[in-house]
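Per our numbering, the very first residue in the sequence shown carries number 25; after that it's consecutive. Quick reminder that beta carbons are idealized off the backbone N, C-alpha and C, glycines included.
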Amino acid sequence: MFSDLLIKIIVFLLPTQLGLHFWPSFSRVAGIKIDYLSPTLYLVDTLLITLVLFNYKIIISFLKKNILFVCLFLSFIIINTSFSLVPQNSLIWWLHLLLYLLFFITLKLRHLKWETIRTSLLCSTLLVVSLEIAQLIFQTSLNGPFYYLGERAYSGSTPGIGRFNLFGLEILRPMSTFSHSNSLAGFLLIVFYLFSFKSAKPWYKIIPFVGILLTFSKTAIVALAFIVFNLKPEIIISFSLALSLAQPLIQNYTSNWQSLSDRIFFLPYLRQIIINNPLTGTGLGNFIPALGNFLPGSFLTPSKLQPIHNLPYLIISELGFLGTFLIIISLLRQKVRQILSNPLVLTLLALVIFTGAFDHYIWTLPQNKLILLLALSIML
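Here it is, written out as structure tokens:
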């Protein structure tokens, strides 16, 4: 009973990012504080830890039954962390990921039902989209109590804030409780997908649908169209992988389109990072420190010190070819192939691969990781 209530609270708080940030020396690159590198204890993390502790008996039983896989996974974590550019940073990233995976295992072992979390997810989505609409209208953050939901203070004068040009009118893209509009869009995309096949009431889908449109995220809007027009997941995956593979071919291309030029920017440095760390990678969470080793001094700015906006290349750079090979081998296992034969799961994977061809949030931001794991726990 307590666990079910706790799960409902966690689901409601999934879009929030209230947390306690720490700033040790390894959270800086060239003296610049990097949000991605700041060890953070989120409010949601404390609830996840509580949920896992309350269910530790069934979790331990499950891990014992899968001891070989657990040992292999932990062995790779040790290798990846030991050879990491910044071992402390990788260790913290792995601990967070392990917590999220234990959360997923808990949901599966408790046989989470859609009815258990539907209302909580609907209420949190309504709150997030309402805040998004208000930010769009006032063209600034609302501040006040919304700070405790994780809203970041911003205005038209905030450096690097996302903008969208609509027929000559410059609009600040709302972020709601997220760190970026694209992350918000990616979160709502998975929520929309869940409501699309789980809820009979059409208005459930309208809320995340409107929220995605108002982020002005081109990638998420295209992915939304894929869902609406029921495009086959195999086509989406093939198209997305082809896009990712083609990106290095345009690294010398110059563009006035800011979002494209920002993505092309990382490609020349990606090759150097992978060559320097081919087998075990830079270590989980260490793309930015690796990037800082190659960037010219004039480019050592917060706007440039970001993860590469491409999921496959980010995985290869941080986990190396060894980690990438292990992921591929895992996907080829019979049990995994059976899971992927489920059209709902395959479509979700297709959406992740497509958005991952243009952004990194599903790998780097806790809200997007958790909504993905929640969706998987409902589908499997």
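Boundaries of the beta strand (DSSP E) in which residue i is found, first to last residue
| i | result |
| --- | --- |
| Gly43 | 43-45 |
| Ile83 | Careful: Ile83 lies outside any beta strand (DSSP E), inside the alpha helix (DSSP H) at 80-89. |
| Tyr66 | 64-66 |
| Ile195 | 193-196 |
Sequence-distant residues of the same chain with beta carbon closer than 6 Å to residue i, five excluded per side
| i | result |
| --- | --- |
| Ile402 | Trp138 |
| Pro232 | Thr149, Leu212, Val215, Phe216 |
| Leu37 | Val68 |
| Ala314 | Leu109, Ile297, Thr306 |
| Lys222 | Trp138 |
| Glu175 | Ser165, Thr201 |
| Pro63 | Phe46, Ile116 |
| Leu173 | Thr40, Thr201 |
| Phe250 | Ile260 |
| Val410 | Look at the range of the chain in this structure, 25 to 404, and you will see that residue 410 is not part of it. |
| Phe407 | The question about residue 407 has no answer, for the chain in this structure spans 25 to 404. |
| Phe188 | Ile195, Arg197, Phe240 |
C-beta contact flag for residue i and residue j at 9 Å
| i | j | result |
| --- | --- | --- |
| Leu146 | Phe86 | no |
| Ile236 | Ala374 | no |
| Ile363 | Leu397 | no |
| Gly309 | Trp117 | yes |
| Ile31 | Ile141 | yes |
| Phe170 | Thr143 | no |
| Pro326 | His384 | no |
| Ser268 | Phe311 | no |
| Ser24 | Leu65 | No answer is possible for residue 24: it lies beyond the span of the chain, which begins at 25 and ends at 404. |
| Ser205 | Gly186 | yes |
| Ser51 | Leu42 | no |
| Phe240 | Leu190 | yes |
| Ile101 | Leu324 | no |
| Leu218 | Ala399 | yes |
| Tyr413 | Leu319 | This structure cannot settle anything about residue 413, because the visible part of the chain is limited to 25 through 404. |
| Ile351 | Ile339 | yes |
| Glu258 | Leu370 | yes |
| Leu329 | Gly347 | no |
| Phe382 | Thr243 | yes |
| Asp59 | Ser203 | yes |
| Ile103 | Leu71 | no |
Chain-order list of residues whose beta-carbon lies under 7 Å from that of residue i (same chain, five-residue window excluded)
| i | result |
| --- | --- |
| Leu115 | Thr105 |
| Gln271 | Leu291, Asn334 |
| Leu238 | Glu156, Ile157, Leu160, Pro198 |
| Ala177 | Ser165, Asn167 |
| Gly344 | Asn301, Pro302, Leu303, Thr304, Gly305 |
| Leu368 | Phe221, Met403 |
| Val234 | Val153 |
First and last residue of the uninterrupted alpha helix (DSSP H) at residue i
| i | result |
| --- | --- |
| Glu139 | 138-162 |
| Tyr217 | 205-222 |
| Ser51 | Looking at the DSSP string, Ser51 is not in any alpha helix (DSSP H), and its letter there is neither H nor E. |
| Phe263 | 257-270 |
Under the three-state DSSP convention, the category residue i falls into
| i | result |
| --- | --- |
| Arg176 | coil |
| Phe382 | coil |
| Phe188 | strand |
| Lys32 | helix |
| Arg134 | coil |
| Lys393 | helix |
| Ile58 | coil |
| Met403 | helix |
| Phe107 | coil |
| Pro169 | helix |
| Pro183 | coil |
| Pro39 | coil |
| Thr371 | helix |
| Ser27 | helix |
| Ser365 | coil |
| Thr201 | coil |
| Phe290 | coil |
Neighbourhood of residue i by C-beta distance below 8 Å, restricted to the same chain and skipping five residues each side
| i | result |
| --- | --- |
| Ile386 | Gly210, Leu335, Val376, Thr379, Gly380, Asn392, Lys393, Leu396 |
| Val76 | Ile83, Leu123, Leu126, Phe127, Thr130 |
| Pro111 | Thr105, Gly307 |
| Lys229 | Phe216, Phe219, Ser220, Ser223 |
| Val94 | Leu87 |
| Ile73 | Leu123 |
Proximity test, Cβ basis, 9 Å: residue i and chain B
| i | result |
| --- | --- |
| Phe100 | Judged by its chain identifiers, the structure shown contains no chain B, having just a single protein chain. |
Exercise for the section: May I have a chain-ordered list of the alpha helix (DSSP H) segments no shorter than 4 residues that lie completely inside the stretch 226-253? Expected result: 226-239, 242-252
**Asked** For the stretch 300-357, which segments carrying the alpha helix (DSSP H) assignment without a break, of at least 4 residues, lie completely within its bounds, in sequence order?
**Response** 311-316, 335-356
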